[in-house]
Amino acid sequence: MSRRYMIFIRTIALALLVSLGPLLVTNLVLENYAEQRARAEMQSIAKRYISQAERAITQVVSALQELDENSVNSCSWQNRRAMGNAVGSNVFVHSLGLADEAGVPMCAVPAKALSGRNLLPAYSVDSPRVGLGLMDQDFRGVKGARISWAVDNGWRLFAEISPLVMDLEPGPEYLRKASNLQVRLGADALWVHTSVNSMPVADGSDGPLSLTLRSSLYPISAKIESDREAILELVYELKIVAAIACASGAIFLVMVGVWFSWRPDSEAEDEFIAAIRNNEFIPYYQPVVDISTGELLGCEVLMRWQQPNGVMIPPGKFMPYAEATGHIFEMTRRLMVQTIDEVGDLYSRNPKLKLSINLFAGHFNNREIIRDIKEIYGASQIPLSQIVLEVTERQPLQNVDLARKIIAELQSMEVRVALDDVGTGHGGLAYLQKLGVDIVKIDRMFVDPLGTDQSASSIAVSIVELADNLNMGIIAEGVETYTQMKALEKLGVSEAQGYLFAKPLPVDDYLLLAHQIETGTYNPVGAVLEKQLALEAERLAAEEGGANEDQSQPAA
Ligand code: C2E
Ligand code: CA
Ligand code: CA
Numbered sequence: 000m001s002r003r004y005m006i007f008i009r010t011i012a013l014a015l016l017v018s019l020g021p022l023l024v025t026n027l028v029l030e031n032y033a034e035q036r037a038r039a040e041m042q043s044i045a046k047r048y049i050s051q052a053e054r055a056i057t058q059v060v061s062a063l064q065e066l067d068e069n070s071v072n073s074c075s076w077q078n079r080r081a082m083g084n085a086v087g088s089n090v091f092v093h094s095l096g097l098a099d100e101a102g103v104p105m106c107a108v109p110a111k112a113l114s115g116r117n118l119l120p121a122y123s124v125d126s127p128r129v130g131l132g133l134m135d136q137d138f139r140g141v142k143g144a145r146i147s148w149a150v151d152n153g154w155r156l157f158a159e160i161s162p163l164v165m166d167l168e169p170g171p172e173y174l175r176k177a178s179n180l181q182v183r184l185g186a187d188a189l190w191v192h193t194s195v196n197s198m199p200v201a202d203g204s205d206g207p208l209s210l211t212l213r214s215s216l217y218p219i220s221a222k223i224e225s226d227r228e229a230i231l232e233l234v235y236e237l238k239i240v241a242a243i244a245c246a247s248g249a250i251f252l253v254m255v256g257v258w259f260s261w262r263p264d265s266e267a268e269d270e271f272i273a274a275i276r277n278n279e280f281i282p283y284y285q286p287v288v289d290i291s292t293g294e295l296l297g298c299e300v301l302m303r304w305q306q307p308n309g310v311m312i313p314p315g316k317f318m319p320y321a322e323a324t325g326h327i328f329e330m331t332r333r334l335m336v337q338t339i340d341e342v343g344d345l346y347s348r349n350p351k352l353k354l355s356i357n358l359f360a361g362h363f364n365n366r367e368i369i370r371d372i373k374e375i376y377g378a379s380q381i382p383l384s385q386i387v388l389e390v391t392e393r394q395p396l397q398n399v400d401l402a403r404k405i406i407a408e409l410q411s412m413e414v415r416v417a418l419d420d421v422g423t424g425h426g427g428l429a430y431l432q433k434l435g436v437d438i439v440k441i442d443r444m445f446v447d448p449l450g451t452d453q454s455a456s457s458i459a460v461s462i463v464e465l466a467d468n469l470n471m472g473i474i475a476e477g478v479e480t481y482t483q484m485k486a487l488e489k490l491g492v493s494e495a496q497g498y499l500f501a502k503p504l505p506v507d508d509y510l511l512l513a514h515q516i517e518t519g520t521y522n523p524v525g526a527v528l529e530k531q532l533a534l535e536a537e538r539l540a541a542e543e544g545g546a547n548e549d550q551s552q553p554a555a
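Residue numbers are given in numbering that gives the first Met the number 0: position 137 of the sequence shown equals residue 136, and the series is strictly consecutive.
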């Protein structure tokens with residue numbers, strides 16, 4: 000469960016990484032492209048304004064120059080006709096006229112009412128020959144321009160350029176909505192200005208995109224500022240497409256990840272269920288013996304996974320999975336049924352033999368185990384009075400009160416209950432009293448130091464004392480040495496289980512051993528004693544041999 004969850008989380012993180020990267024890069028590329036595009040566009044708009052202004056001024060100046068060369072320097076009717084011809088033949092000239100030294104117009108073509116106020120600045124000898132200025136009237140943000148040409152007597156020919164001349168198409172729609180354009184004459188006279196209502200500048204952003212172009216002929220500049228956000232509209236749709244593509248990629252990756260993280264588990268699950276159905280989980284039997292007599296007292300049933308390829312898997316490898324998935328319930332039922340088939344005869348012939356079955360904490364969460372035990376062993380060759388159920392102290396019981404009731408009910412059916420792995424787990428010694436078990440199994444951890452390490456042995460000693468006080472049976476687990484056996488005997492513990500006597504055995508070996516013990520042809524404790532005697536004899540012989548050798552050595 001948690002492994003799947005981890006894989007799932009990792010898959011999602013990976014999918015996000017794998018798809019967010021390209022999304023960010025694509026967005027950057029698109030934004031960059033939009034900016035480049037907008038810059039090129041802005042450049043060409045500014046260029047168009049500058050060249051239109053240059054063309055207009057150049058043509059108007061040359062028209063004025065031509066009039067001067069033709070001595071049009073008074074308001075005579077011939078001169079006015081010449082002015083009229085110039086207006087007619089020059090598209091940029093809107094009107095022409097002559098002003099005096101103070102700049103007051105004296106005549107104009109086409110004829111119009113002259114207000115008598117000066118249109119041009121007063122003339123002085125160091126005034127430039129050509130003067131550039133703007134008129135007051137404004138048409139859609141564009142002003143008219145006035146160009147003057149000084150003739151010899153200090154009077155000036157002047158021509159007006161219509162605002163329409165500079166009323167150009169200011170670029171593509173998306174830019175027009177997002178740009179401010181200013182064409183200036185000199186430093187600050189504003190000839191053309193088109194502006195959008197507002198140009199938002201987001202906090203921390205780079206401000207609007209801005210570009211200024213200057214004329215190389217006249218003091219004219221064109222400046223364009225464009226809103227960056229609005230420019231991005233150009234690639235808005237492409238960005239959506241990129242986001243959809245990356246999101247689809249992410250979803251695809253997540254789906255692949257989910258498939259890969261779920262599939263093997265479900266395959267493993269299927270394999271496990273098939274193994275349960277094929278009865279690949281089989282019982283091994285580890286004898287429990289009386290260490291004072293060598294008598295067989297029974298066995299503990301230990302599960303093994305015997306795979307079809309012959310590989311034998313110990314419970315440590317599959318028990319956590321079986322317990323986590325709940326398959327352990329069915330596996331335990333099947334295990335119990337197999338014990339009847341395999342050792343039913345032996346047990347019905349020997350009513351003193353006990354059969355110990357391992358349960359896990361989950362078995363004490365409801366009363367199902369009571370029904371199972373009744374159903375399976377109730378009318379079998381192995382009566383309930385020969386059954387021992389082991390509750391491990393390693394795992395915490397969810398509901399101790401309910402466990403206590405279940406245990407009591409099992410005991411009322413003559414089933415005995417043992418607390419397994421005592422001293423290693425959650426309950427502490429208080430569990431012994433609380434759960435009211437019949438038998439205590441001292442864990443190998445506390446049997447190990449017996450006879451060799453005085454202080455480490457003290458836990459085993461106190462478990463034995465407590466069990467004795469509570470009138471409980473005691474079984475020592477994991478007995479591996481003669482020394483441990485002797486120490487247990489001294490403590491008054493007579494029931495033991497361990498490699499010293501026998502490992503967990505396949506059924507045939509267990510039946511053979513039981514038969515040998517029954518018929519007196521083999522005694523497991525006798526075998527231990529014999530082995531020990533042989534060892535001691537060997538040691539003595541070695542010591543004696545050593546002493547003789549010492550004696551035969553000549554003195555130095
Ligand atoms: P456990 O109930 O404490 O079983 C005793 C374990 O100690 C067994 O390991 C046994 O092979 C091992 N053992 C016995 N004598 C000696 C010894 O002298 N020296 C050493 N080093 N080990 C010894 P096994 O068979 O591998 O089982 C391990 C655990 O798996 C069991 O511990 C038990 O908690 C669990 N288990 C086994 N079968 C079942 C079952 O049918 N149901 C449940 N719920 N758990 C089971
Ligand atoms: Ca056990
Ligand atoms: Ca144990």
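By construction, the Cβ of each residue, glycine as well, lies at the ideal position given by its N, Cα and C atoms. None of the values given here were measured: they were computed from a predicted structure.
**Request:** Would you identify the three-state DSSP class for R333, choosing helix, strand or coil?
**Result:** Correct three-state label for R333: helix.
**From Y217, F445, D437, residue whose alpha carbon lies closest to that of D420** = Checked all of Y217, F445, D437; the closest Cα to D420 is F445.
**Prompt:** With 16 as the cutoff for other CB atoms within 10 Å, does W258 come out buried or exposed?
**Reply:** It counts as exposed.
**Message:** ligand 2 and N357: does any heavy atom of the ligand fall closer than 7 Å to the residue's C-beta?
**Reply:** Yes - ligand 2 has a heavy atom lying nearer than 7 Å to the Cβ of N357.
**Per DSSP, cross-strand counterpart(s) of Y283** = Note: Y283 sits in a beta bridge opposite L301.
**Item:** Residue closest to T391, alpha-carbon to alpha-carbon, out of P382, E329, L383, L431
**Value:** Comparing Cα-Cα distances from T391 to each of P382, E329, L383, L431, the minimum goes to L431.
**Item:** Distance CB(L354)-CB(V300) smaller than 8 Å
**Value:** Cβ distance < 8 Å, so L354 and V300 count as in contact.
**Item:** Short Cβ contact (8 Å threshold) for I474 with Q496
**Value:** Yes, Cβ-Cβ distance for I474 and Q496 is below 8 Å.
**Request:** Kindly examine ligand 1 and report whether one of its heavy atoms sits closer than 7 Å to the Cβ of L334.
**Result:** Because some heavy atom of ligand 1 lies under 7 Å away, the Cβ of L334 counts as near it: yes.
**Request:** Taking the CB atoms as reference points, tell me whether V436 and I405 lie closer together than 8 Å.
**Result:** Against a cut-off of 8 Å, the Cβ pair of I405 and V436 comes out as no contact.
**Request:** With DSSP collapsed to three states, give me the class of S355.
**Result:** Strand.
**Message:** So for A158, helix, strand or coil by DSSP?
**Reply:** If DSSP states are grouped into helix, strand and coil, A158 belongs with the strands.
**Prompt:** Closer than 7 Å: is that where the CB of D419 sits relative to any heavy atom of ligand 2?
**Reply:** Inclusion of D419 in the 7 Å shell around ligand 2 follows from its C-beta lying nearer than that to a non-hydrogen atom of the ligand.
**Asked** What do you get for E542, buried or exposed, if any count of 16 or more other CB atoms within 10 angstroms of its CB means buried?
**Response** So E542 ends up on the exposed side.
**Per DSSP, the bridge partner or partners of Q453** = Note: Q453 sits in no beta bridge, so no partner.
**Prompt:** Can you tell me whether V200 is buried or exposed, with buried defined as 16 or more other CB within 10 angstroms of its CB?
**Reply:** Low local confidence applies: a pLDDT of 49 at V200 is under 50, so the model's placement there is unreliable, and no value is given.
**Per DSSP, cross-strand counterpart(s) of S225** = Beta-bridge annotation (DSSP): S225 is paired with S178, L208.
**Message:** For A186, tell me which candidate among P120, I219, W154, S454 has the shortest Cα-Cα distance.
**Reply:** Of the candidates P120, I219, W154, S454, I219 places its Cα closest to the Cα of A186.
**Asked** Rounded to a whole number of angstroms, what is the C-alpha to C-alpha distance between E53 and T25?
**Response** Between E53 and T25, the C-alpha separation is close to 42 Å.
**Message:** Taking 7 Å as the cut-off, is the C-beta of E476 nearer than that to any heavy atom in ligand 3?
**Reply:** True, at least one ligand heavy atom lies under 7 Å from that Cβ.
**Item:** 8 Å Cβ shell around I441 - same chain, five flanking residues per side excluded
**Value:** V421, G422, A459, I462, V463, I473, I474, A475, E476, V492, listed in sequence order.
**Asked** Distance, Cα to Cα, L97 vs A110?
**Response** When the Cα atoms are used, L97 and A110 turn out to be separated by approximately 12 Å.
**Asked** By Cβ distance below 6 Å, which residues in the same chain neighbour V387 in space, the five residues on each side in sequence not counted?
**Response** Here the set comprises K353, S355, R415, A417.
**Asked** Considering only the beta carbon of each residue, do S510 and V342 sit closer than 8 Å?
**Response** Reading off the sequence shown, one finds Leu at residue 510, where the question assumed Ser. L510 is a Cβ neighbour of V342, given a cutoff of 8 Å.
**Request:** Examine ligand 1 and report whether any of its heavy atoms sits within less than 7 Å of the Cβ of Q483.
**Result:** No, since every heavy atom of ligand 1 falls outside the 7 Å radius drawn around the Cβ of Q483.
**Request:** For E374, count neighbouring C-beta atoms within 10 Å of its own C-beta (all shown protein chains included) and say buried if the count is 16 or more, exposed if not.
**Result:** If you draw a 10 Å sphere on the C-beta of E374, you find fewer than 16 other C-beta atoms in it, and that means exposed.
**Message:** Can you determine whether any heavy atom of ligand 3 sits closer than 7 Å to the C-beta of K404, and answer yes or no?
**Reply:** For K404, the CB stays at least 7 Å from every heavy atom of ligand 3.
**Prompt:** Hey, would you say the C-beta of E299 is under 7 Å away from at least one heavy atom of ligand 2?
**Reply:** Checking every heavy atom of ligand 2 against the Cβ of E299, one is found closer than 7 Å.
**Pairwise C-alpha distance: A536 and N308** = The straight-line gap from Cα to Cα measures roughly 45 Å.
**Asked** Taking C-alpha atoms, which residue in V86, S291, G297, L233 lies nearest to L490?
**Response** Answer by Cα proximity: S291.
**Message:** Quick check: I223 and A45, are their CB atoms within less than 8 Å of each other?
**Reply:** Cβ atoms of I223 and A45: closer than 8 Å.
**Prompt:** Got a sec: does ligand 1 put a non-hydrogen atom nearer than 7 Å to the Cβ of G422?
**Reply:** Incorrect: G422 has no Cβ contact closer than 7 Å to ligand 1.
**Message:** Short of 7 Å in beta carbon distance, which residues of its chain neighbour Q58, apart from the five on each side in sequence? Order them along the chain.
**Reply:** Result list for Q58: N89, F91, in chain order.
**Message:** Can you check which of these residues, S94, N468, V524, is closest to L113 by C-alpha distance?
**Reply:** Residue S94 is the option with its Cα nearest to L113.
**Asked** Per DSSP, what kind of secondary structure is V310 in: helix, strand or coil?
**Response** Coil, per DSSP.
**Message:** Can you tell me where the alpha helix (DSSP H) holding K142 begins and where it ends?
**Reply:** Here K142 belongs to no alpha helix (DSSP H); instead the beta strand (DSSP E) covers 141-149.
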